[in-house]
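Participant: Positions -19 to -1, 1 to 225 (mature numbering (1 follows the signal peptide of the UniProt record, and there is no 0)) are the ones given, in order, by the sequence shown. Pasting a structure below so you can have a look.
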Amino acid sequence: MAIASPLFSALVLATIALSAPTSMPSIESRDSPMIDPSTFAANSSFDVAAIYAAAIAANKTKVASYATTSTQDHFSTIYADWQHLEHVSVFHFMADMDIDCDGTDYDCAGNSGGDSETSFGALDARKVPWFVLPETLQKQEKDAVKDNALGAIICDGKMFYAIFGDQNGATPQVIGEGSLLLGHACFPKDRITGNNRHAQRDVAYLVFGNQPLKPTPDGSTIDISALKKLGDQQVKLLVQDLQL
Ligand SMILES: *[C@@H]1O[C@H](CO)[C@@H](O)[C@H](O)[C@H]1NC(C)=O
Ligand SMILES: *[C@@H]1O[C@H](CO)[C@@H](O)[C@H](O)[C@H]1NC(C)=O
């Protein structure tokens, strides 16, 4: 545009200002607030403490073990005791919570060397509660753990729903990781950042491997109310199956 009249320039600026939030998703995502954790929290009628205790006690059928840190000083075991319940199929494990900002928010505070994509798209770590699983687990379990599968994450006495949004392909592959949003929802007082995790291995990850929830068409977000609905429905079935 070689010649621009003042009026034309004003119109262009006004148009840019009006369209900015949708036309510049990466900048918008970096500066946008995180969504409200109550939108993906489990129905308060569930006895979260009872589900947590049941998960810790269900430790007979081992699927795999992965280190919780790259120094490999502790291993977390994934169990399949609940894989063949009457109404639901669940893998579960206890671990810490490292923080994942890959995807559109890859330059979040503390995230050095972030990746602009997540394993099944480019999710926004401020808008999507997700958990991470080791890459080889999905290969080992084939169809039993689908991309974007539902998870119920029990942390600090609360339960939130999330999707399997990213894989860990590090050497060694580690387990126990959630998106920035999930970390903040679980541990709002812990000053969670891209490099400030929750180190205690007291988080229960319940993975409903055959219940995927696809991201919205732009690939960066999910339908949060659909996540909550699916989560409440599946946990209700789990509670029934376990007779809790
Ligand atoms: C929570 O679950 C109970 C029992 O199924 C149901 O009556 C109630 O409406 C649910 N509450 C919300 C906010 O969904
Ligand atoms: C496994 O769970 C049982 C209760 O079902 C418990 O007594 C035992 O300590 C647990 N074992 C391990 C290794 O956590």
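Even for Gly, the Cβ is constructed at its ideal location relative to N, Cα and C.
Would you check if there are 3 or more beta carbon pairs closer than 8 Å linking the stretch 115 to 127 to the stretch 158 to 170?
Facilitator: Cβ pair count under 8 Å is below three, so no.
Participant: Which of the three DSSP states is assigned to G164 in this structure?
Facilitator: Position 183 of the sequence shown, counting from 1, holds the residue named residue 164. It is helical.
Participant: Rounded to the nearest angstrom, what separates L219 and D96 at their Cα positions?
Facilitator: For the purposes of this step, residue 219 is taken as the residue at position 238 of the sequence shown. For the purposes of this step, residue 96 is taken as the residue at position 115 of the sequence shown. Taking the straight line from one Cα to the other gives about 35 Å.
Participant: Name the two residues that bound the continuous alpha helix (DSSP H) containing D213.
Facilitator: Within the sequence shown, the letter at position 232 stands for residue 213. Per DSSP, D213 belongs to the alpha helix (DSSP H) from I205 to L223.
Participant: Please name the residue in D17, I16 and F27 whose C-alpha comes closest to that of M140.
Facilitator: On the sequence shown, residue 140 is found 159 positions in, with the first residue counted as 1. Answer by Cα proximity: F27.
Participant: Along the chain, where does the beta strand (DSSP E) that runs through L114 open and close?
Facilitator: Looking up residue 114 in the sequence shown gives position 133. That run of the beta strand (DSSP E) goes W111 to P115.
Participant: DSSP three-state call for V126: helix, strand or coil?
Facilitator: In the sequence shown, counting from the first residue as 1, residue 126 sits at position 145. Residue state, collapsed to three classes: coil.
Participant: Drop a sphere of 10 angstroms on the beta-carbon of S119, count the other beta-carbons inside from all chains shown, and report buried for 16 or more, exposed for fewer.
Facilitator: Within the sequence shown, the letter at position 138 stands for residue 119. What sits at residue 119 in the sequence shown is Gln, not Ser. By the 10 Å Cβ count, Q119 comes out buried.
Participant: Grouping DSSP H, G and I as helix and E and B as strand, with all else coil, what is Q121?
Facilitator: Taking the sequence shown and counting its residues from 1, one reaches residue 121 at position 140. DSSP places Q121 in helix when its eight states are reduced to three.
Participant: Does the stretch 103 to 113 come into contact with the stretch 77 to 94, if we say contact requires no fewer than three beta-carbon pairs (one atom in each stretch) closer than 8 Å?
Facilitator: Counting Cβ pairs under 8 Å, three or more are found: they touch.
Participant: What's the C-alpha gap between P198 and L131?
Facilitator: What you label residue 198 is simply residue 217 of the sequence shown in a count that begins at 1. What you label residue 131 is simply residue 150 of the sequence shown in a count that begins at 1. Computed Cα separation, rounded: 18 Å.
Participant: In whole angstroms, what separates the C-alpha of S13 from that of C89?
Facilitator: Position 32 of the sequence shown, counted from the start, is the residue given in the question as residue 13. Position 108 of the sequence shown, counted from the start, is the residue given in the question as residue 89. Their backbone Cα atoms lie some 11 Å apart in a straight line.
Participant: Hey, would you say the C-beta of A36 is under 7 Å away from at least one heavy atom of ligand 2?
Facilitator: Along the sequence shown, read from residue 1 onward, the residue named residue 36 stands at position 55. No, since every heavy atom of ligand 2 falls outside the 7 Å radius drawn around the Cβ of A36.
Participant: Among N176, F72 and A31, which one has its Cα closest to the Cα of Q64?
Facilitator: Looking up residue 64 in the sequence shown gives position 83. Measuring from the Cα of Q64, the nearest candidate turns out to be F72.
Participant: If you measure from the CB of S206, is any heavy atom of ligand 1 nearer than 7 Å?
Facilitator: Taking the first residue of the sequence shown as 1, we reach residue 206 at position 225. Not under cutoff, so the answer is no.
Participant: Flag this pair as touching only if the stretch 35 to 49 and the stretch 135 to 155 have three or more C-beta atom pairs under 8 Å; answer yes or no.
Facilitator: At 8 Å Cβ cutoff, the stretches touch.
Participant: For the alpha helix (DSSP H) containing I59, list its first residue and its last residue.
Facilitator: Position 78 of the sequence shown holds residue 59. Careful: I59 lies outside any alpha helix (DSSP H), inside the beta strand (DSSP E) at F56 to W63.
Participant: Look at the alpha carbon of P2 and the alpha carbon of S201, and state the distance between them as a whole number of angstroms.
Facilitator: Here residue 2 is taken as the residue at index 21 of the sequence shown, counted from 1. Here residue 201 is taken as the residue at index 220 of the sequence shown, counted from 1. Here the model assigns P2 a pLDDT of 41, short of 50, so the residue's position is not dependable, and the following value carries that caveat. About 14 Å.
Participant: Quick one: using the 10 Å Cβ neighbour count with 16 as the cut-off for buried, is G212 buried or exposed?
Facilitator: In the sequence shown, counting from the first residue as 1, residue 212 sits at position 231. That one is buried.
Participant: Report the three-state DSSP secondary structure of F189 (helix, strand or coil).
Facilitator: Your numbering for residue 189 matches position 208 in the sequence shown. Here F189 sits in strand by DSSP.
Participant: Would the beta-carbon of N129 be found less than 7 Å away from any heavy atom of ligand 1?
Facilitator: Numbered from its first residue, the sequence shown carries residue 129 at position 148. No, since every heavy atom of ligand 1 falls outside the 7 Å radius drawn around the Cβ of N129.
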